[in-house]
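Protein chains in written order, with UniProt numbering: chain H, 1 to 283; chain Z, 1 to 307; chain Y, 1 to 519.
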Amino acid sequence: MASTLSAQRTGAALHKLLRLPPPLRQRTFSVLNRPQPNYPGHVPLNFIERGALAIGSAFGSLIDPYRHDLIASLGEATAKPYFVTRLRHAMISHPTGRRILRDKPRITSKSLSLEKLRQLPENTVGRAYAAWLDSEGVTPDTRDPVRYIDDPEEAYVMQRYREIHDFIHAITGLPIIIEGELAVKAFEFANTVLPMTGLSLAAIVRLKPMERKRFFEVYGPWAMANGLKAEEMLNVYWEEELETDADELRARLGIEMPPNLREIRKKLRDQKRAEKIAREGEK
Amino acid sequence: MAPVRPQSFLSLPAPLRRAVASYSLARAAYAPPLANSTSIRAHSTESSPHNGHAGSSVNETEVSHFNTLASSWWDPHGSSRLLHLMNQHRHPFINRCLSTAPPLPPNHKRKYLDIGCGGGIFAESAARLATTQSVTAVDPTPEVIAVAKRHQRTDPLLMEPGRLTYHNIPIEALPLPTTPADGFDIVSLFEVIEHIQQPAPFLRSILQHLKPGGWLIGSTIARTGTSWFTTKFMAEEVLQMVPRGTHEWSQYIQPHELKSWAAKQPDLEGWQTMGVVYVPGFGWKEVDGSESWGNYFFGVRKKSLEE
Amino acid sequence: MVLASTHPSSLRAARRLLELPPAVRRSFWSTASAAAIERKPEIFDLVCVGGGPAGLSLVSALRSDPATKGLKIALVDGQDLTTSRTPGNEGFSNRCSSLTPASLHFLKEIGAWNNVNNIRTQPYHGMEVWDGVSGSKISFDPVDQTPGLLDSLAELVPGSRFAASKRKYETGDPTTVATICENGNLTAALLQQLKESGGVEILDKTKVESINLGPEPENEEALDLSQWPVLTLPNNRQLAARLLVGADGANSPVRQFADIPSHGWDYGQNGVVATLQLDRSFTADEIRTAYQRFLPTGPIALLPLPGNRASLVWSTTAPFATKLKQLSPPDFIAMVNAAFRLLPIDIDFMLTHHESVSPASELAWRETSTNSKSLGLLNTFPRVAEVQEGSVASFPLRMRHADTYTGHRVALIGDAAHTVHPLAGQGLNLGLADSESLVKSIAYGMETGMDIGSCWCLDGYNADRWAKNNAMLGVVDKLQKLYSVGSGPVVWGRSLGLDLVNKMGPLKGALMGAAAGTK
């Protein structure tokens with residue numbers, strides 16, 4: 001009796017489900033009947049899971065901005081329905097972006113020989129990239145794979161966005177410390193309109209008052225102006241630009257060099273130290 | 001309608017006051033259809049002061065009124081628009097009347113006499129029909145006959161000899177047929193008898209033009225409050241769709257008056273009637289029963305010789 | 001009498017002129033100085049300028065109606081109507097039309113449909129229309145009759161409009177949405193019908209040199225044709241028309257003669273047509289479907305023809321249309337397949353960069369990276385395999401509507417009265433409906449002794465058709481504008497609209513009924 005009742009209920013639920021429009025219907029599976037992945041490493045999520053992922057990763061990354069896995073998840077959870085599609089469409093409509101989508105190149109320590117890059121002439125994009133990786137102590141492989149975006153091509157766009165992130169650091173010369181990271185994120189937000197890049201600007205609250213003032217007066221405006229006017233970073237075939245002069249590429253893409261953050265900070269630090277020494281000398 | 005008391009009359013707005021006054025005057029001027037309510041106006045033996053032609057049905061004030069209307073007969077948006085629209089209902093009504101009698105021979109072509117043809121709205125349309133042999137149209141008003149003739153010239157079909165002939169004469173001046181068979185198949189009287197002062201002798205006299213088995217077809221307006229309101233007050237005063245003075249409400253004839261007149265004529269049979277109502281924006285619509293209070297068509301047949 | 005005698009004759013002439021309708025008055029002025037008509041013109045009851053489907057069906061219908069059979073009619077066309085405009089058995093003409101059941105009913109009634117080569121026509125039974133941006137779709141599938149909420153409501157309210165519309169849709173001919181017929185096939189049939197019935201003077205290969213008002217009468221008693229249109233043909237032949245019908249296309253000389261303004265706009269789009277071959281063949285009794293995808297650059301439609309053939313109507317921007325016509329056949333085929341399958345931006349890219357990219361190769365890799373289901377593509381959608389040689393052509397798309405269809409002794413039908421975007425496939429059907437309505441008005445005029453060139457006869461036609469056509473033109477124009485939007489809230493809204501319509505059986509029935517032209 002009870003079993004027929006529950007069977008009826010399931011039947012009714014199923015019927016109700018089938019009357020939903022197809023896009024909604026796809027998204028109402030439970031954890032027990034998760035659909036097949038669309039590409040290796042893909043994890044199909046339903047609405048609730050996607051929402052939970054977005055909120056959880058947002059809190060997590062705010063608490064610990066170095067949890068890049070959480071930042072990555074946040075990025076994926078908030079990229080749909082619109083933003084990653086917009087980037088994909090921007091790439092489809094651009095001859096180079098379209099070529100990248102067709103070739104689907106990956107930036108890893110295997111695909112790029114850092115040794116060779118270090119041999120390139122001074123001020124080339126590749127040399128700057130290698131120098132930047134070296135100075136920050138990171139490798140191209142420290143990027144998380146995309147897991148939560150359903151469309152394989154959109155997943156690739158997200159992956160590509162992550163992998164070129166370091167190139168943006170390299171050609172803007174902004175360091176990986178929070179202040180530099182924020183400037184790059186702001187630049188990327190203006191350039192890609194991905195919500196995650198905007199959300200991560202919430203980390204401004206973690207800046208020291210001095211840094212925050214500098215962000216609002218110098219780096220924020222620079223990032224917005226340049227991010228908006230520059231070409232889509234995703235439509236740059238970075239692998240083909242390694243030997244290009246960095247100034248030439250910046251000029252072609254419409255990016256101005258930001259004030260050197262590292263130098264400003266060093267200058268300030270030296271100044272403070274000198275003041276301290278002077279104060280101690282007075283004593 | 002109750003008599004209007006002076007103080008309440010004065011409290012009415014001016015245009016309404018005028019309308020009510022003209023209605024009251026019309027009531028006063030009109031002698032109710034005698035003691036015998038089923039008879040139509042008796043033929044007065046004395047000439048009325050309006051009546052110029054002795055022995056003619058023509059009322060001179062009516063003639064001069066239609067003279068001034070002449071120029072707008074064929075203007076699609078002029079004051080004759082309603083007549084043009086009504087004309088579409090005339091032929092179906094004639095066919096309906098004819099269908100009640102034994103059918104005519106298949107190739108029989110009809111001869112029409114249109115009395116009070118005006119600018120020729122009906123006469124032209126009858127002359128164009130494939131079933132028509134000839135149309136003779138008479139009207140006493142010189143200017144409307146001029147208009148009709150001028151308009152006839154714009155259609156080569158109507159210019160065919162003998163197809164359509166206009167005569168600027170009162171009907172009394174039209175020679176009578178020499179033999180009954182020379183008479184007309186159809187004698188039409190559209191929107192005419194309300195303009196005639198003594199309808200009974202007039203109708204009697206025109207029957208002489210009908211061939212035995214032929215039809216007298218006409219249309220007019222019933223003399224009711226509704227018809228006064230629509231034709232005098234609305235059409236002439238408020239909407240000014242037709243010029244003021246077009247209608248003389250007291251001369252309107254009730255369908256039952258006509259019917260009982262026809263019943264008394266020994267040579268007539270087969271009374272037919274059809275009421276039509278004008279719906280602004282749609283034109284004339286046939287409405288069953290409306291003949292007793294508004295515009296209506298009537299048809300009556302002259303008995304065949306063998307009957 | 002008093003009035004007449006006080007008016008000098010010149011004043012009377014001026015007054016007579018002022019009595020005319022304004023349009024005629026104007027054309028009188030504009031043609032008063034034109035070459036005087038010397039000879040006595042031949043008099044016709046009706047002269048139809050233009051031997052397209054609208055004009056031919058009008059004349060054909062007049063011949064088949066007992067009330068109008070006796071009219072003296074001439075049909076004038078500058079082209080040679082006798083040479084068959086349909087290609088041989090090998091191919092199909094690129095100019096095809098969807099005939100609605102209402103149009104078909106009219107053509108059967110006048111007897112012309114019997115002469116149509118039925119092997120070359122193709123009825124279709126379903127319509128798949130989808131939004132190229134969002135993938136939302138509306139399918140008009142006669143087999144799918146699942147009841148929805150509105151159906152239940154419609155059943156609860158007896159005699160409701162929903163119920164009626166659904167009933168109409170079901171009882172009509174639910175299996176046929178429309179029938180594709182080559183325009184040449186139809187005109188040949190109408191012409192044959194006319195030749196069999198006779199009684200119409202067909203003056204083809206005859207250019208109308210001018211249309212003027214007739215001569216002033218010689219005297220006060222003579223025939224007065226001064227308000228009759230008189231056509232001057234080669235060899236100084238002159239035809240006076242009691243009623244001049246303009247079935248002479250979008251740039252109608254008859255409309256210009258009558259001085260009837262026509263308003264509208266150009267869409268900046270071109271319609272690209274072609275005859276295609278599909279990768280599979282259909283037998284005569286198979287269920288066939290017409291497909292239409294709305295792209296932001298314009299809709300693309302694939303209409304079924306017999307066997308493995310199909311007719312393409314692709315409305316797109318003028319530059320894209322030019323490029324499409326330049327493509328080699330394999331590239332053209334790839335572009336058509338891409339236009340139904342890929343993202344709108346892919347199609348734009350391929351047409352913008354057609355010199356540097358190969359459409360076939362682009363289509364191959366983009367298809368693997370495109371989720372066709374999310375774009376609304378059906379898995380039953382056929383693939384285009386070949387394009388018939390020389391069948392790719394294009395024409396500019398316009399919206400035009402004459403202010404009125406009638407003037408003194410003038411009536412306009414078909415494209416002379418209105419030009420419509422082809423997205424609803426209504427152009428020819430509206431023209432046939434005009435003919436049917438005008439014939440009805442003329443027949444009524446004949447029965448009641450009207451002058452068939454007068455406004456009393458023609459007003460009924462104008463009243464019947466103008467508002468209906470205006471509504472159809474408006475809907476088609478709004479659809480065109482709605483679907484030209486490539487992104488944003490408009491796309492969401494229209495997707496929601498389409499999804500909702502798709503769920504409401506009766507509304508769909510009503511739409512389908514409207515599309516099928518049932519009354």
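The beta carbon of each residue, even a glycine, is placed where N, CA and C say it ideally should be.
Local conformation of residue i per DSSP, three classes
i: C48 of chain Y; result: strand
i: Q269 of chain Y; result: strand
i: Y444 of chain Y; result: helix
i: Y39 of chain H; result: coil
i: H209 of chain Z; result: helix
i: V24 of chain Y; result: Caution is warranted here: a pLDDT of 47 is assigned to V24 of chain Y, below 50, making its placement in the model unreliable, and no coordinate value can be reported.
i: A411 of chain Y; result: strand
i: F83 of chain H; result: helix
i: H354 of chain Y; result: coil
i: H293 of chain Z; result: In the sequence as presented, His is not what sits at residue 293 of chain Z; that position holds Trp. Coil.
i: I94 of chain Z; result: helix
i: T316 of chain Y; result: strand
i: G120 of chain Z; result: coil
i: G166 of chain H; result: Note on residue identity: the sequence assigns Asp, not Gly, to residue 166 of chain H. Looking at D166 of chain H - three-state DSSP - the assignment turns out to be helix.
i: M450 of chain Y; result: coil
i: I43 of chain Y; result: strand
i: T419 of chain Y; result: strand
i: K285 of chain Z; result: strand
i: N118 of chain Y; result: helix
i: S73 of chain H; result: helix
i: S182 of chain Y; result: The identity of residue 182 of chain Y in the sequence shown is Glu, whereas the question assumes Ser. Strand, per DSSP.
C-alpha gap between residue i and residue j, whole angstroms
i: D69 of chain H; j: D144 of chain H; result: 6 Å
i: G119 of chain Z; j: I145 of chain Z; result: 6 Å
i: E211 of chain H; j: T197 of chain H; result: 19 Å
i: G445 of chain Y; j: V410 of chain Y; result: 15 Å
i: residue 600 of chain Y; j: F93 of chain Z; result: For residue 600 of chain Y there is no data in the structure shown, the boundaries of chain Y being 1 and 519.
i: R252 of chain H; j: W238 of chain H; result: 13 Å
i: D270 of chain H; j: A278 of chain H; result: 12 Å
i: G281 of chain H; j: L87 of chain H; result: 58 Å
i: A222 of chain Y; j: S454 of chain Y; result: 20 Å
Which residues DSSP lists as bridging residue i, in chain order
i: K302 of chain Z; result: Z:L268
i: D247 of chain H; result: DSSP output for D247 of chain H lists no bridge partner at all.
i: G264 of chain Y; result: Y:R400
i: E196 of chain Y; result: E196 of chain Y is not bridged to any residue.
i: S304 of chain Y; result: It should be noted that the sequence gives Pro, not Ser, for residue 304 of chain Y. According to DSSP, P304 of chain Y bridges with Y:A310.
i: R237 of chain Y; result: Y:L233
i: residue 359 of chain Z; result: Nothing can be reported for residue 359 of chain Z: it is not among the residues displayed for chain Z, which extend from 1 to 307.
i: F190 of chain Z; result: Z:S219
i: L203 of chain Y; result: Y:V76
Residues in the stretch 47–81 of chain Y having any Cβ partner in chain Z nearer than 7 Å: The residues in question are G70.
Any 3 or more C-beta pairs closer than 8 Å across the stretch 140–160 of chain Z and the stretch 120–127 of chain Z: Segments in contact, yes.
Short-range partners of chain H found in the stretch 358–387 of chain Y, where Cβ spacing is below 7 Å: W365, S369, N371
Residues of the stretch 255–282 of chain Y with Cβ closer than 9 Å to any Cβ of chain H, in chain order: Those residues of the stretch 255–282 of chain Y that come within reach of chain H (Cβ to Cβ, closer than 9 Å) do not exist; the list is empty.
Touching by the beta-carbon criterion (3+ pairs, under 8 Å), the stretch 204–211 of chain Y and the stretch 124–135 of chain Y: no
Under 9 Å (Cβ pairs) to chain Z, residues found in the stretch 216–229 of chain Y: Going along the stretch 216–229 of chain Y in chain order, one finds P217, E220, E221, A222, L223, D224, L225, S226, Q227, W228 with a Cβ nearer than 9 Å to chain Z.
Cβ contact (3+ pairs, closer than 8 Å) linking the stretch 89–109 of chain H and the stretch 211–227 of chain H: no
Members of the stretch 146–162 of chain Z that neighbour chain Y once the beta carbon cut-off is set at 7 Å: Flagged, chain order: A146, R153, T154, D155, P156, M159.
Selection of the stretch 68–96 of chain H by Cβ proximity to chain Y, strictly under 8 Å: Flagged, chain order: H89, I92, S93, P95.
Members of the stretch 343–358 of chain Y that neighbour chain H once the beta carbon cut-off is set at 8 Å: Answer in chain order: L343, I345, D346, D348, F349, H353, S356.
Near-chain Y residues of the stretch 96–117 of chain H - C-beta to any C-beta below 8 Å: R98, L101, R102
Stretch-stretch touch, CB-based, cutoff 8 Å, three pairs: the stretch 255–265 of chain Z with the stretch 72–81 of chain Z: no
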